[in-house]
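Peer 1: This note's numbering puts the first residue of the sequence shown at 3, with every later residue one more than the last.
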Amino acid sequence: MNDRLKRWKGKVALVTGATSGIGYATAEALAGVGMKVAITGRRSERLEALKERLESSGAEALALTADQSIPEANHKIFQRLRDHWGPLDVLINNAGVAHRSKIADLEEHQLQTMFDVNLRAATLCLQEAVKEMREKEEAVIINIGSMSGHRLVQGGGGAFYAGIKSAFRVMTDGLRYELAEEKSRIKLCMISPGLVDTEFHKIAAGEQPEYQFTPLQGSDIADAVLYILSTSPTVQISDMMIRCTRQMT
Ligand SMILES: NC(=O)c1ccc[n+]([C@@H]2O[C@H](COP(=O)([O-])OP(=O)(O)OC[C@H]3O[C@@H](n4cnc5c(N)ncnc54)[C@H](OP(=O)(O)O)[C@@H]3O)[C@@H](O)[C@H]2O)c1
Numbered sequence: 003m004n005d006r007l008k009r010w011k012g013k014v015a016l017v018t019g020a021t022s023g024i025g026y027a028t029a030e031a032l033a034g035v036g037m038k039v040a041i042t043g044r045r046s047e048r049l050e051a052l053k054e055r056l057e058s059s060g061a062e063a064l065a066l067t068a069d070q071s072i073p074e075a076n077h078k079i080f081q082r083l084r085d086h087w088g089p090l091d092v093l094i095n096n097a098g099v100a101h102r103s104k105i106a107d108l109e110e111h112q113l114q115t116m117f118d119v120n121l122r123a124a125t126l127c128l129q130e131a132v133k134e135m136r137e138k139e140e141a142v143i144i145n146i147g148s149m150s151g152h153r154l155v156q157g158g159g160g161a162f163y164a165g166i167k168s169a170f171r172v173m174t175d176g177l178r179y180e181l182a183e184e185k186s187r188i189k190l191c192m193i194s195p196g197l198v199d200t201e202f203h204k205i206a207a208g209e210q211p212e213y214q215f216t217p218l219q220g221s222d223i224a225d226a227v228l229y230i231l232s233t234s235p236t237v238q239i240s241d242m243m244i245r246c247t248r249q250m251t
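(1) Hey, is the segment 189-204 in contact with the segment 132-148, meaning 3+ C-beta pairs nearer than 8 Å?
(2) According to the neighbour-count rule (16 or more other Cβ atoms, all chains shown, within 10 Å of its Cβ), is residue 195 buried or exposed?
(3) Only counting the same chain, and skipping five residues up and downstream in sequence, which positions put a Cβ closer than 6 Å to that of residue 6?
(4) Within the same chain, show all residues whose beta-carbon is closer than 8 Å to that of residue 38, passing over the 5 residues directly before and after it, in chain order.
(5) May I have the straight-line CA-CA distance separating residue 229 from residue 36, to the nearest angstrom?
(6) By DSSP's criteria, residue 15 is part of a beta bridge. Which residues make up the other side?
(7) Should residue 195 be counted as a contact of ligand 1 given a C-beta to heavy atom distance under 6 Å?
(8) Are the beta-carbon atoms of residue 41 and residue 96 separated by less than 7 Å?
(9) Does the beta carbon of residue 236 sit closer than 7 Å to a beta carbon anywhere in chain C?
(10) On the three-state DSSP scale, how would you describe residue 218?
(11) With DSSP as the reference, please indicate the residues paired to residue 241 in a beta bridge.
(12) Would you report the Cα separation of residue 45 and residue 203, rounded to the nearest angstrom?
Printed below as a string of structure tokens:
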């Protein structure tokens, strides 16, 4: 393990959306560093299975089943985590969902879910985390955005999702300014992945997505999370865009 990661051993991390994909890989990586890891998602069997997996590797884990599209559920996640381990040190704000459709054809429940999970829940988690982290000597928040928050790809029906992820990116920048104004020690980072081979992408692209290149894996994004945590307390990686090799847009 990188020596600069040792300072996180025994510290508390929360990974939202850890039942699969990027969140799952990141929870494993943080447990590998010796962090206490709280994990969320709606699928409780998967959460429990991951909790057992982390514990069997010697880590402490806490499974918090929650549907984050319900505002109150987000507050409860933090309440339960505080009651169990105290205030958190690292938030990986990752839970997300995408529905691909032309905007004209998007069903109301689809746009509602994308707004509720990707923007409202993520913002509520940011508010809770900032409140808890204010007194910490060092604390890190990593928002998982998307390359879709940086550019619009023609076709593919991802425009509404791109709009939400763009709003998330701009809001992240705004919060970073606010934290700087109050001389906060909290680091706020956004990782914007390109195509990652996860359930999310398979659902959005159909059963057998045909890739023009080798997609990223969740573990590639987990590696980036560890890199951010390894930087000195005075270094803030504000944005990381990660494409797979040969991904052009
Ligand atoms: N895959 C890509 O190509 C890609 C690219 C750029 C950005 N991203 C972003 O990466 C993040 C993670 O996505 P992923 O690719 O790892 O997809 P994934 O494998 O589908 O994981 C998404 C996670 O979010 C959770 N989630 C979804 N709706 C939820 C809800 N209502 N309440 C609580 N948890 C919920 C899911 O848990 P449950 O289903 O158990 O609730 C799951 O653990 C998302 O923010 C996504 O926008 C992905």
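Quick reminder that beta carbons are idealized off the backbone N, C-alpha and C, glycines included. Keep in mind it's a predicted model, so treat the numbers as computed, not measured.
Peer 2: Concretely, from the data shown:
(1) Yes: at least three Cβ pairs fall under 8 Å.
(2) Translated into positions along the sequence shown, residue 195 becomes position 193. With 16 or more Cβ atoms within 10 Å of its Cβ, residue 195 is classed as buried.
(3) Here residue 6 corresponds to residue number 4 of the sequence shown, with the count starting at 1. If we look at residue 6 and ignore the five residues flanking it on each side, its Cβ neighbours are 232.
(4) What you label residue 38 is simply residue 36 of the sequence shown in a count that begins at 1. Sequence-distant Cβ neighbours of residue 38 in its own chain, meaning closer than 8 Å and more than five residues away, are 12, 13, 14, 15, 61, 62, 63, 64 and 87.
(5) In the sequence shown, the residue the question calls residue 229 occupies position 227. In the sequence shown, the residue the question calls residue 36 occupies position 34. Between the C-alpha atoms of residue 229 and residue 36 there is a straight-line separation of about 15 Å.
(6) The sequence position of residue 15 within the sequence shown is 13, counting from 1. DSSP lists 39 and 92 as partners of residue 15.
(7) Numbered from 1 along the sequence shown, position 193 holds the residue referred to as residue 195. Yes - ligand 1 has a heavy atom lying nearer than 6 Å to the Cβ of residue 195.
(8) In the sequence shown, counting from the first residue as 1, residue 41 sits at position 39. In the sequence shown, counting from the first residue as 1, residue 96 sits at position 94. No, Cβ-Cβ distance for residue 41 and residue 96 is not below 7 Å.
(9) As a matter of chain content, chain C is missing from the structure shown, which is built from one protein chain.
(10) Against the sequence shown, residue 218 aligns to sequence position 216. The three-state secondary structure of residue 218, taken from DSSP, is strand.
(11) Residue mapping note: residue 241 aligns to position 239 of the sequence shown, counting from 1. For residue 241, which the question treats as bridged, DSSP gives the partners 192.
(12) Taking the first residue of the sequence shown as position 1, residue 45 is located at position 43. Taking the first residue of the sequence shown as position 1, residue 203 is located at position 201. In a straight line, the C-alpha of residue 45 is about 18 Å away from that of residue 203.
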